[in-house]
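Colleague:
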Amino acid sequence: MNITVAADRRQFDITAARYIVDMICARPQAVIGLSTGRTTGNIHRLVCDIHNNLDFDTSRVTFFGLDEVTGVDREYAGACYTMLRTEIIDGLGIDEDHFLMLPTRSDDFSAECRRFTGEIKRRGGIDLLILGLGENGHLGFNQPGSALNCTAGTASMDPVLEARIRRETATPAGVPLGGVTLGLREIMHARRIVLVANGGNKAAIVREMLCGPVSSDVPASILQLHPACQFLLDRDAAALIDIESLRNN
Ligand code: GLP
């Protein structure tokens, strides 16, 4: 397994940001998938800082979001669309045609998912996918119990996240909220994956993801089977694993 443990948060962010920058520089027309959350925000802002300093070409790269919240306006600050725009897309000067997102609202999410995955395929497939890790082992909105070969579709939201979004958007109890996400099957088709996890709150699930059986109880455990997945951790997230023995696996 390819595991990197960063010495501190700054090194963690720089290492992750470099995967994105290196991909854009090596392959200007690359298709790169991004995740939202506490872990990736600083990484995204750092990519913009590096771009401000080095001014590499971003006119042909396509970015897409791994997942999206449904039932809210995409302008809502917690929608993945707005988070990614604010954190990285606008800063890199990416135009609308090079930023693919699943919609927050639709009468036909299945058709939207087909369109989204079809467009990614048409552009050559996923060159690099940056994945965050849910504390329960979820990837995107693929929660525990998701079939390991599931494809893009709608999903339920974990109750804590749902309660927060309802509060922030003043969404009434009767109005459904949820998520729409790339499935585990499309995730596994990415040519290169970087899973990023930091903080002691991720230590237990990192151990399950890397040392436990590959199981739908821990969707991220499927990454053990990916031929080119890099696991980037900080010391706190790596606290419960024996790195040397895993590296030899
Ligand atoms: C959310 C997102 C995921 C993300 C995960 C981790 O559930 N839907 O795509 O990877 O959170 O978030 P954090 O980095 O805040 O722990």
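This note's numbering puts the sequence shown at residues 89 to 337. Glycine included, every Cβ here is placed at the ideal spot set by N, Cα and C. Quick caveat: nothing in here was measured; it's all calculated off a predicted structure.
First and last residue of the alpha helix (DSSP H) that includes D101?
Modeller: 97 to 114
Colleague: Can you tell me whether P116 is buried or exposed? The criterion is at least 16 other CB atoms within 10 Å of its CB, across all chains shown.
Modeller: exposed
Colleague: Where do the ends of the alpha helix (DSSP H) carrying N130 lie?
Modeller: 126 to 142
Colleague: What is the DSSP secondary structure of S333, reduced to helix, strand or coil?
Modeller: helix
Colleague: Should P307 go down as buried or exposed, given a rule of 16 or more other Cβ atoms within 10 Å for buried?
Modeller: buried
Colleague: With a cut-off of 8 Å on the beta carbons, I'd call G266 and A235 a contact; round off their distance for me.
Modeller: Incorrect: roughly 18 Å between the Cβ atoms, too far for contact.
Colleague: Please confirm if the segment 144 to 151 is in contact with the segment 172 to 183, defined as three or more CB-CB distances below 8 Å between the two stretches.
Modeller: yes
Colleague: Check whether the Cβ of D364 lies closer than 8 Å to any heavy atom of ligand 1, and answer yes or no.
Modeller: An answer regarding residue 364 cannot be provided, because it is not within the stretch 89 to 337 covered by the chain.
Colleague: Would you identify the three-state DSSP class for T174, choosing helix, strand or coil?
Modeller: helix
Colleague: Would you report the Cα separation of L217 and G233, rounded to the nearest angstrom?
Modeller: 22 Å
Colleague: Measure the C-alpha to C-alpha separation of L298 and C317 and round it to an integer number of angstroms.
Modeller: 12 Å
Colleague: I want to check one thing, is the minimum distance from the CB of T103 to the heavy atoms of ligand 1 below 8 Å?
Modeller: no
Colleague: L91 bridges to which residues according to DSSP?
Modeller: With the sequence shown as reference, residue 91 is identified as Ile, and Leu is not the correct amino acid for it. The partner list for I91 (beta bridge, DSSP) reads F319.
Colleague: Who are the Cβ neighbours of F229 in its own chain at under 6 Å, not counting the five residues just before and after it?
Modeller: If we look at F229 and ignore the five residues flanking it on each side, its Cβ neighbours are D155, A243, G267, T269.
Colleague: Please state whether DSSP places V149 in a helix, a strand or coil.
Modeller: coil
Colleague: Just to confirm, is the Cβ distance from L134 to D185 under 9 Å?
Modeller: no
Colleague: Comparing alpha-carbon positions, which option in T174, C238, Q231, N224 lies nearest S198?
Modeller: C238
Colleague: Which word fits A114, buried or exposed, when buried means at least 16 other C-beta atoms lie within 10 angstroms of its C-beta?
Modeller: exposed
Colleague: Excluding the 5 residues preceding and the 5 following R279 in the sequence, name in chain order all residues of the same chain whose CB lies nearer than 8 Å to its CB.
Modeller: Around R279: G213, I214, D215, L216, A316.
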